[in-house]
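One structure is given below, encoded as structure tokens.
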Amino acid sequence: MDSEIERMQGLWSTAEALMVEGKGILAADESTGTIGRRFEPIGVENTEENRRAYRELLFTTEGFESYVSGVILFDETIRQGTKDGTSFVEVLQRRGVIPGIKVDAGAEPLAGASDETVTEGLDGLRERLAEYRDLGARFTKWRAVLHIGDDRPTGYAVDVNAHALARYAALAQEAGLVPIVEPEVLMDGDHDIDQCFDATEATLREVFYQLAQQGVDLEGMVLKPNMVVSGSEASDRAGPETVAEMTLTCFLQTVPAAVPGIAFLSGGQSDEEATLNLDAINRLAGDVGAPWRLTFSFGRALQSAPQQAWRGQPANVERAQQAFLERARTTAEASSGAYQP
Ligand code: 13P
Numbered sequence: 011m012d013s014e015i016e017r018m019q020g021l022w023s024t025a026e027a028l029m030v031e032g033k034g035i036l037a038a039d040e041s042t043g044t045i046g047r048r049f050e051p052i053g054v055e056n057t058e059e060n061r062r063a064y065r066e067l068l069f070t071t072e073g074f075e076s077y078v079s080g081v082i083l084f085d086e087t088i089r090q091g092t093k094d095g096t097s098f099v100e101v102l103q104r105r106g107v108i109p110g111i112k113v114d115a116g117a118e119p120l121a122g123a124s125d126e127t128v129t130e131g132l133d134g135l136r137e138r139l140a141e142y143r144d145l146g147a148r149f150t151k152w153r154a155v156l157h158i159g160d161d162r163p164t165g166y167a168v169d170v171n172a173h174a175l176a177r178y179a180a181l182a183q184e185a186g187l188v189p190i191v192e193p194e195v196l197m198d199g200d201h202d203i204d205q206c207f208d209a210t211e212a213t214l215r216e217v218f219y220q221l222a223q224q225g226v227d228l229e230g231m232v233l234k235p236n237m238v239v240s241g242s243e244a245s246d247r248a249g250p251e252t253v254a255e256m257t258l259t260c261f262l263q264t265v266p267a268a269v270p271g272i273a274f275l276s277g278g279q280s281d282e283e284a285t286l287n288l289d290a291i292n293r294l295a296g297d298v299g300a301p302w303r304l305t306f307s308f309g310r311a312l313q314s315a316p317q318q319a320w321r322g323q324p325a326n327v328e329r330a331q332q333a334f335l336e337r338a339r340t341t342a343e344a345s346s347g348a349y350q351p
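Quick note: the sequence shown uses the numbering used here, first residue 11, plus one each step.
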């Protein structure tokens, strides 16, 4: 078979497997700094061994593969394994969970802009992608960050971030890796849901323009956006029905039907809020003819509960695994519009 055809079919089947009905993605790709911010409130020292032990707890949770199709790893984590020496990649593969990898190098201040960022990490990316594929990764993630407030996001910030996302996505597909394209409009601030709608709409329009310009195959990617929500400090925050309506309206205007799936980030919403919103989106999706699978790629909304239960104590591992399994199960229900609070 033609190797180009094989590569494309590989991308399509990985994207389809990630977006399978009833499951979603676990984002466990916190950088060393970010996981430190998660460990601090639970009194866990940010050492390599603690990070390894924590990820072992998650990935060896019995049965989580019923609710999770893929896990996004961090560079350090994809090279680690369980205490008994099995690589995490193998632990996941044995459960039928697809290993993925975060490949961006983080958001840095954008030159000439005030309080806006551009995500870096394109230099040397082709070589890094080849290495990650050899290590067993089958999909990748790149996160762009947009801020709302004081005339932000500017067109400048949206353009450069969308351009970089598309450059990354094209390189990932060239390497046979499904790109998760993550333009996150932050919910920080006291803005109302209409401002989030406008910023998300403008961002997604530019992202899909750049993806087309740079020849990215839409069937071989996954979109990881924010939901359209009120700012976290807004006085009157919109409820799940409004969030669902605004989110689907925004995406129907901007996201082509060729994209197999949309996997939302939780973005700092509480566990319950993220679950209720995902559930409401899926309950409405059929009525409005949404053509994509609508699921989760949560970090915090899947991991806060197990982190609270664990607190770095080996004696708490089992309880933490139960908490993780419970969050995975209820979030997966919400991804089918079948969550019962
Ligand atoms: P949250 O669900 O905590 O927003 O994390 C998702 C993610 O991967 C952010 O890049």
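Note that the Cβ used here is the ideal one computed from N, Cα and C, for glycine as well.
Since the structure is predicted, the reported quantities are computational estimates derived from the model, not experimental observations.
Three CB pairs or more closer than 8 Å across the region 330–338 and the region 47–60: no
Below 5 Å from a heavy atom of the ligand 13P - residues by beta-carbon: A37, R153, L275, S276, G277, F308, G309 and R310
What is the rounded straight-line gap between the Cα of V155 and the Cα of G241? 15 Å
Output needed for L196: all residues of its chain with C-beta closer than 6 Å, excluding positions within five of it in sequence on either side, in chain order. H157
Where does F306 sit, in a helix, a strand or coil, going by DSSP? strand
How about S79 and G34: do their beta carbons lie closer than 8 Å? yes
Buried versus exposed, by CB contacts within 10 Å (16 or more), R47: exposed
DSSP on I45, reduced to helix/strand/coil? helix
Is A172 closer than 8 Å to P189 when the C-beta atoms are compared? no
Return the chain-ordered ranges of every alpha helix (DSSP H) run that is complete within the region 198–254 and spans a minimum of 4 residues. 203–223
How far does the alpha helix (DSSP H) with T24 in it reach, from first residue to last? S13 to L28
Whole beta strand (DSSP E) runs in the region 95–150 with 3 or more residues, listed along the chain? 108–112, 117–119 and 127–129
Can you round the beta-carbon distance between G271 and V232 to whole angstroms, since I take them to be within the 8 Å contact cut? 5 Å
Exposed unless 16 or more other CB atoms sit within 10 angstroms - verdict on T42: exposed
Ordered along the chain, which non-local residues of its own chain (more than five positions away) have a Cβ less than 6 Å from that of R303? M29 and G271
Rounded separation between A348 and A121 - CA only: 46 Å
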